[in-house]
Structure formats: C-alpha cells, structure tokens
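Chains as they are written, first to last, in the working numbering: chain C, 186 to 396; chain G, 186 to 396. Ideal Cβ placement from N, Cα and C applies to all residues, glycine included.
Protein chains: 2
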Amino acid sequence: MDDAIYRRGLMLVLSSPSGAGKTSISRELLRREPGLAMSVSATTRPKRPGETDGLDYFFVDQTEFGLRINRGEFLEHAKVFGNYYGTPRGPVEASLGEGRDVLFDIDWQGTQQIREKLAADLVTVFILPPSTAELERRLNARAQDPAHVVAQRMAQASNEMSHWPEYDYIVVNRDLDRSVAEVQSVLAAERIKRERQIGLGDFVKRLRDGR
Amino acid sequence: MDDAIYRRGLMLVLSSPSGAGKTSISRELLRREPGLAMSVSATTRPKRPGETDGLDYFFVDQTEFGLRINRGEFLEHAKVFGNYYGTPRGPVEASLGEGRDVLFDIDWQGTQQIREKLAADLVTVFILPPSTAELERRLNARAQDPAHVVAQRMAQASNEMSHWPEYDYIVVNRDLDRSVAEVQSVLAAERIKRERQIGLGDFVKRLRDGR
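1. Roughly how many angstroms separate the alpha carbons of G/K378 and C/Y354, rounded to a whole number?
2. Which residue's Cα is closest to the Cα of G/G206: G/P350, G/L195, G/R381, G/V310?
3. Is DSSP giving C/F289 helix, strand or coil here?
4. Once the 5 residues before and after G/V365 are set aside, which same chain residues still bring their CB inside 8 Å of it?
5. Mapping DSSP to helix, strand and coil, what is C/F266?
6. How would you list, in chain order, the residues of chain C whose beta-carbon sits under 7 Å from the beta-carbon of G/V356?
7. Going by alpha carbons, who is nearest to G/E273 out of G/L252, G/F266, G/M339, G/W293?
8. Report, in whole angstroms, the separation of the C-beta atoms of G/A373 and C/E367, which I expect to be a contact under 8 Å.
9. Use the C-beta contact count for C/R381: other C-beta atoms within 10 angstroms, 16 or more gives buried, fewer gives exposed.
10. Three Cβ pairs or more, each shorter than 8 Å: is that satisfied between the stretch 191-207 of chain G and the stretch 231-245 of chain G?
11. Can you list the beta strand (DSSP E) stretches of 3 or more residues lying completely in the stretch 300-376 of chain C, in chain order?
12. For C/E249, which residues of its own chain have a beta-carbon under 8 Å away from its beta-carbon, when the five flanking residues on both sides are left out?
13. Can you tell which of G/S316, G/Y352, G/T228 has the C-alpha that lies nearest to the C-alpha of G/V371?
14. Measure the alpha-carbon distance for G/G395 versus C/F388 and round it to whole angstroms.
15. Check this for me: beta carbons of G/L392 and G/L288, under 8 Å apart or not?
16. Given that a residue counts as buried once 16 or more other Cβ atoms are within 10 Å of its Cβ, and exposed if not, what is C/N358?
17. Hey, does G/R217 have any beta-carbon neighbour from chain C nearer than 8 Å?
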C-alpha cells in the first residue's frame with residue numbers, strides 16, 4: 186500500500202573554504218550512502234593522467250562549452266584559473282526524477298545559480314574549520330606551496346566563509362566521523378520532509394477510508 | 186574558540202493517531218537520546234497507583250488549573266474525557282534557554298497552540314501507521330475494548346490523520362527501529378540548522394580575521 190509514496194531526489198550541496206575538510210567529508214559520505222551519487226562536472230581543462238571522461242569530468246572543448254551555456258544546459262558554471270567548469274543539467278534532473286540524491290561540491294556562486302533554478306530540491310550545507318590555526322595548518326600542509334600562494338588561499342577562504350548565512354545547515358568540522366554523521370542526518374531528515382514525499386495525500390486518504 | 190557557538194533547545198513534537206506506534210517510538214527515542222527530555226504535563230485527573238507527581242504529571246486541582254490558564258502559564262491545554270491536560274510553559278522555556286531539547290507527545294490541537302507561541306523552536310513530526318489493517322490490528326489489540334469503542338477510536342484516528350499536512354516531517358511507521366532512527370536524524374539535523382546555532386557570526390568573523 187505504501188509503495189504509493191515516493192519522492193524526488195534531492196540536491197545536497199556541500200560548500201566550504203578550502204582547508205575545511207570538505208573533500209574528506211564528501212568521500213566518506215559517498216562511501217556510507219549508496220543512494221547518493223556525485224554530480225559529474227563538465228570542464229574545458231585538459232584531462233590529467235588517470236582521469237576518466239564521464240567519471241571524473243566530462244571533458245569538452247571551449248567552443249562546445251560555450252554552446253552548452255547558450256543552450257542553457259548548465260545548472261551552474263564558472264571560470265576558475267582560466268578553465269570553465271559547469272554542472273550539466275540533464276543527468277541531475279534525470280536522477281532527481283528517479284528519486285536518486287545527488288551530491289554537489291560547489292562554491293557559493295554555484296550554489297546561488299542552482300538556487301535560482303531548482304530551489305525546492307536544494308539542501309545546502311556549509312562546512313567550517315574548527316579554528317584559524319587548524320585552517321592555516323591544513324592550507325600549509327598542502328604540498329609545498331610558496332608563502333604568497335598560502336596567503337592567497339587564506340584570503341579566498343575568508344571570502345568563501347563570508348557566505349555561510351546563505352546555507353541551510355552549518356557543520357563545524359572538529360572531527361571527520363562526527364561531521365560525516367551530521368551530514369548523513371541532514372540527508373535522512375530531508376528525505377522524510379513532508380513536501381518531499383509524494384503520494385502522502387492519497388496514502389492518508391486510503392488509511393482514513395479504511396482501505 | 187568554538188565554545189562561542191551554542192544553541193537554544195528545540196521542541197520536538199510527535200503526533201499521530203493512536204495505534205500508529207507513537208508511544209513506543211517516544212520511549213525508545215528517550216532511551217537513545219540523553220539530551221532529550223519529555224515534557225511533563227499538568228493534569229486535573231486523579232493520580233493513579235504508581236504515578237509520581239512531577240514525573241508522570243503535575244497533579245493539580247480544577248481551580249488551580251483554571252488559574253494557571255488565566256495566568257498564561259500553559260503552552261497548550263485541552264480537555265480530554267472530562268479532565269484537563271496542559272503543558273506548563275516555565276520548565277519548557279527554561280530547558281530551551283539552557284540548550285536542552287524537549288519532547289512533546291501531543292495532538293494536532295496542542296501543536297497548533299504551541300506553534301502560535303514558539304514557532305521558531307518547534308520541530309514537528311507526524312507518525313502514520315503503515316496500513317489500515319495494521320492500524321486496526323493495533324487498536325483492537327489494545328485491552329479488551331468493546332467493538333463500539335474500537336470504532337470510535339478508528340474515527341478519532343481518521344480525524345487526527347487529516348492533520349498530517351501541518352507537520353514538518355512524516356514518518357510512516359513500518360518498523361520501530363527504522364522509525365526511531367528517522368526521528369533521531371530529524372533531531373540531529375535540526376540541531377545544526379543555521380538559525381539554531383547562536384554565535385556563528387562572531388565565530389566566522391574571528392576565523393576570517395585570522396584570530
């Protein structure tokens with residue numbers, strides 16, 4: 186009887202300044218949640234050794250990327266360090282329609298663009314580092330970057346963090362396991378939100394009619 | 186540093202038609218969540234053997250109950266089978282202010298009354314039985330009630346169920362363990378909602394200032 190209740194998938198966005206631990210959280214979340222799939226972006230940047238087209242990215246040339254922008258085929262797109270990145274709309278809408286949830290690792294600008302298109306399906310989580318010291322430690326720990334690159338990253342992190350009030354949920358990443366569990370709770374709770382469960386009206390009607 | 190982030194407690198309301206399994210879910214939820222306390226109601230009904238004043242109910246006489254209504258001391262109150270029941274406002278507000286969450290086992294009328302007073306702190310969950318057959322089985326299984334009492338309960342259940350669209354989350358109680366886990370997810374997710382975490386603005390400001 187309750188097979189009549191189904192739901193659209195939801196778009197789970199994780200944003201954070203770099204160095205807050207978002208990549209580790211995303212990876213562990215995908216491992217624990219088989220019903221969640223990572224959105225695959227399109228990009229104009231060259232394929233690196235070990236990357237697979239359609240799995241890591243959809244690799245397209247600049248002209249093709251421009252045509253797709255004009256055809257409205259991206260939920261969001263941006264130019265980063267001279268390369269274009271975008272979220273193809275088709276695969277995401279197909280997933281949502283089939284009740285599968287999609288994870289997005291995008292920044293506040295991408296989140297704003299998606300919000301304009303599919304606000305009802307959007308659940309947004311912002312991840313904060315536990316302290317400045319920890320943020321600096323993680324940014325410095327990244328490879329052997331020169332000091333001015335680290336300073337630039339800190340400035341970028343500061344800018345990204347200023348957008349926390351645009352997000353539904355805030356995770357302060359003190360501990361990876363706890364942070365992943367918190368995002369899992371968000372996913373589980375959002376799945377049983379009234380407005381996401383389609384067919385509840387008919388289901389209750391049958392319960393009340395005694396059928 | 187992140188000790189500066191704190192939160193108000195939230196009011197978690199569970200409502201359902203009788204026979205949907207709410208009492209079992211509440212009991213198990215309280216066992217699993219030490220940070221959650223059941224709201225203790227005041228009532229004019231006589232104390233039964235084994236009940237403790239202040240633990241099961243606050244037992245008060247009819248005059249006292251009336252005075253408390255007039256002084257606005259109840260978050261909600263109702264008359265059920267000739268007895269008055271109400272939720273005292275003071276202990277709940279004290280808990281919320283101290284960041285402790287409070288569980289309420291009340292019906293749609295009580296939920297509406299609380300929503301008028303403390304909407305921002307309110308999280309509402311409606312529990313549905315998985316099928317009419319299961320609902321009837323549970324209502325019939327209750328003691329040795331005559332048929333007309335069972336019929337009356339079914340009518341009451343039907344009326345209660347009609348209010349599901351007023352709730353934030355809907356749990357279809359197919360399995361006790363799963364349903365409790367779903368309510369736990371709601372609690373965990375609501376705790377990290379942006380607007381419940383007080384002090385985040387200052388926390389982010391210090392992160393951005395590099396302090």
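Quick look at the numbers:
1. Within the second sequence, the letter at position 193 stands for residue 378 of chain G. Within the first sequence, the letter at position 169 stands for residue 354 of chain C. Cα to Cα, G/K378 sits roughly 4 Å from C/Y354.
2. Locating residue 206 of chain G in the second sequence gives position 21, counting from the first residue. It is G/V310 whose Cα lies nearest to the Cα of G/G206.
3. If you number the first sequence from 1, residue 289 of chain C lands on position 104. If DSSP states are grouped into helix, strand and coil, C/F289 belongs with the strands.
4. Residue mapping note: residue 365 of chain G aligns to position 180 of the second sequence, counting from 1. If we look at G/V365 and ignore the five residues flanking it on each side, its Cβ neighbours are I210, E213, L214, R217.
5. Along the first sequence, one-based indexing puts residue 266 of chain C at 81. Three-state DSSP puts C/F266 in coil, outside helix and strand.
6. Position 171 of the second sequence, counting from 1, holds the residue named residue 356 of chain G. Within chain C, the residues near G/V356 are I377.
7. Stepping through the second sequence from its first residue, residue 273 of chain G is reached at position 88. Going by the sequence as given, residue 273 of chain G is Pro instead of Glu. Among G/L252, G/F266, G/M339, G/W293, the Cα nearest to that of G/P273 belongs to G/L252.
8. On the second sequence, residue 373 of chain G is found 188 positions in, with the first residue counted as 1. On the first sequence, residue 367 of chain C is found 182 positions in, with the first residue counted as 1. Right, their Cβ atoms sit about 6 Å apart.
9. Taking the first residue of the first sequence as position 1, residue 381 of chain C is located at position 196. It counts as buried.
10. no
11. 307-313, 354-357
12. Against the first sequence, residue 249 of chain C aligns to sequence position 64. Nothing meets the Cβ criterion.
13. As a working mapping, residue 371 of chain G is identified with position 186 in the second sequence. The residue with the shortest Cα to Cα distance from G/V371 is G/Y352.
14. Walking along the second sequence from the start, residue 395 of chain G turns up at place 210. Walking along the first sequence from the start, residue 388 of chain C turns up at place 203. If you take the alpha carbons of G/G395 and C/F388, they lie about 54 Å apart.
15. Walking along the second sequence from the start, residue 392 of chain G turns up at place 207. Walking along the second sequence from the start, residue 288 of chain G turns up at place 103. No, these two residues do not count as a Cβ contact at 8 Å.
16. Residue 358 of chain C sits at position 173 when you count from the first residue of the first sequence. The residue is buried, with at least 16 neighbouring Cβ atoms inside 10 Å.
17. In the second sequence, the residue the question calls residue 217 of chain G occupies position 32. No, G/R217 lies away from the interface with chain C (no Cβ there is under 8 Å from its Cβ).
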